[in-house]
Each structure stands twice: as C-alpha cells, then as structure tokens.
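Enquirer: I'd like to ask you about the structure that follows.
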Amino acid sequence: MRIPVAVLAATLAFGFLPGRVVLAADPPKEDGRVGDPAPAATDTTSTASAREAPQDAKKPTRAEQLDSLFELLRTAKDEASAQSTEAMIAELWLKSGSDTVDLLMEWAQQAVKDKNYPLALDYLDRILTLKPDYVEGWNTRATVYYLREDYGRALADIEETLKLEPRHFGALTGLGTILREVGEDKRALEVYRKVIVLDPHLETVQKQIDELSGKGVDGRNL
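Numbering-wise, my numbering comes out as the position in the sequence shown, counting from 1, plus 252.
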C-alpha cells in the first residue's frame with residue numbers, strides 16, 4: 253500500500269519508508285597500528301595488483317549514486333522495484349556526512365513522531381545553521397511547517413530543498429499538495445507531472461493528475 257500524498261514528503265524526509273535498504277558499507281579503513289609488520293609480498297605481480305586494487309575498486313560518488321538510482325527509478329518495471337529504489341534515494345538524502353547533524357536529525361524525527369513540533373523546529377534550525385547545504389534539513393523543516401499549516405514557511409523551505417535537489421520527489425509532492433490546498437490547481441498539476449516523470453510508480457500522484465485533468469485543469473510544463 254502506497255503512502256498517502258499528504259504525508260509523502262514527511263515519510264521521505266524521515267526515512268519511514270518500509271523495507272529501508274541499507275547501502276553498501278564503506279571500504280574498511282587501513283589498520284594504522286604502530287609496529288605492525290608489513291605483509292611480505294609473494295611476488296612482484298601480486299604486489300603490483302595490490303597497488304592497483306584501490307583504484308579499480310573506486311567507490312562511486314554520492315552524485316553518481318543518485319544519478320544511477322534516479323535512472324533505475326524512472327525505468328522501474330514494477331511498484332516493488334520503485335519502492336526499493338525510493339528507499340535507497342531517501343537513505344542517501346538523509347546522510348549528512350556529519351555525526352552531529354545526523355544525531356540532531358534523529359532527535360528531530362523523534363520530536364515529529366511525538367508531535368512536538370516546536371522542539372523539532374529547534375533541532376532543525378540548529379541543523380541548518382551547522383549545515384545549510386543539507387537537503388533533508390530543509391525538506392524536513394518544510395514538512396514540519398506543513399504539519400503546522402504554516403504554508404508560507406513550508407513553501408520557502410521547499411524552494412530551498414529544490415535548489416539543492418531539483419529531483420526531490422518528496423518535496424515536489426509536498427509542493428503539489430500545498431498548491432491544491434490553496435486552490436492553485438493548475439500549478440499543482442504542473443508539479444505533479446514533474447513528479448510522475450521522476451517516479452512513474454507513485455500511484456497517489458497519478459491519482460491527483462487524473463483527478464485534476466478530469467476537472468479540465470490546463471497543466472503546462474513549468
């Protein structure tokens with residue numbers, strides 16, 4: 253069962269998607285203990301191979317991983333594959349690269365679960381002060397503002413989210429939802445059509461498109 257449109261942005265921001273996929277772990281770090289003897293090379297060929305191995309096994313960058321995942325999402329053959337890819341994308345977005353920011357985000361998530369929105373906003377304000385380029389900081393704060401029905405601030409934070417990640421289907425879906433709620437059906441349809449190009453298996457978004465199209469709303473591409 254797919255997540256309702258009204259809460260999709262929140263579920264993506266907080267990583268609540270079912271069956272979250274754990275990404276491949278980083279390569280093990282070198283043991284740096286002082287005094288450990290270096291392993292003896294059996295021959296020059298194996299030594300050369302060992303030196304070349306790290307270069308051959310170079311890990312894709314975060315941007316490269318996202319590009320690959322978005323292509324998988326766009327071409328997913330079924331809903332299960334799409335959901336799995338959505339979860340992997342959300343997992344990457346959630347990683348900030350800072351232990352402090354990650355911890356604050358955990359606290360913010362728990363505060364939202366507890367419906368303690370002022371506390372959640374306090375944590376999120378700190379997150380964005382520490383790391384203003386953290387896309388999920390903006391997206392999560394937009395979600396909290398939406399839950400408080402503070403649409404002006406929610407829209408401002410969605411704008412910041414999309415500056416950092418124009419493909420953020422959670423933020424785009426949240427934008428479409430707000431636009432519908434304030435009577436901007438034409439603009440909402442335009443946004444939903446962007447979302448469905450990114451993720452053709454979002455049934456709730458397709459339902460919104462069908463409903464708006466049935467009303468004769470003219471949604472041109474932005």
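Think of the CB as a built atom: it goes at the ideal place given N, C-alpha and C, for glycine as much as any other residue.
1) What are the complete beta strand (DSSP E) segments, minimum 3 residues, inside the stretch 349-437?
2) Cα separation between LEU373 and GLU436?
3) If we count Cβ pairs, one from each stretch, closer than 8 Å, do we get three or more for the stretch 329-347 versus the stretch 363-378?
4) DSSP on THR327, reduced to helix/strand/coil?
5) Could you say which of ASN391, ARG405, TRP345 lies nearest to THR425 if we only look at CA atoms?
6) Would you give the residue range spanned by the alpha helix (DSSP H) that ARG464 belongs to?
7) Suppose you measure from the CA of ALA363 to the CA of GLU412; what does that come to, to the nearest Å?
8) Between the C-alpha atoms of GLU477 and SER348, what's the straight-line distance to the nearest angstrom?
9) Only counting the same chain, and skipping five residues up and downstream in sequence, which positions put a Cβ closer than 8 Å to that of THR297?
10) For PRO452, which option in VAL353, PHE421, ASP402 has the closest C-alpha, if you only look at C-alpha atoms?
11) Under the assumption that VAL387 contacts LEU431 (Cβ atoms under 8 Å), give the Cβ distance between them as a whole number of angstroms.
12) Near THR352, which residues of its chain fall below 8 Å by C-beta distance, leaving aside the five closest residues on each side in sequence?
13) Under the three-state reduction of DSSP, which class applies to ASP451: helix, strand or coil?
14) So for THR313, helix, strand or coil by DSSP?
15) Return the residue from the list TRP345, ASP402, ALA334, ASN368 that minimises the CA-CA distance to ALA315.
16) Looking at the structure shown, is LYS347 part of a helix, part of a strand, or coil, going by DSSP?
17) Give a yes or no on whether the C-beta atoms belonging to LEU321 and ALA334 are separated by under 8 Å.
Expert: In terms of the structure at hand:
1) none
2) 27 Å
3) The stretch 329-347 vs the stretch 363-378: no contact.
4) coil
5) ASN391
6) The sequence given here places Leu at residue 464; Arg does not occur at that position. LEU464 -> alpha helix (DSSP H) spans 455-466.
7) 22 Å
8) In this structure the chain extends from 253 to 474, so residue 477 is not present and cannot be described.
9) In this prediction, THR297 has a pLDDT of 48, which is less than 50 and means its spatial position is unreliable; nothing more can be read from the coordinates.
10) PHE421
11) Not really, about 21 Å apart at Cβ, beyond 8 Å.
12) Hits under 8 Å: LEU382.
13) coil
14) coil
15) TRP345
16) coil
17) no
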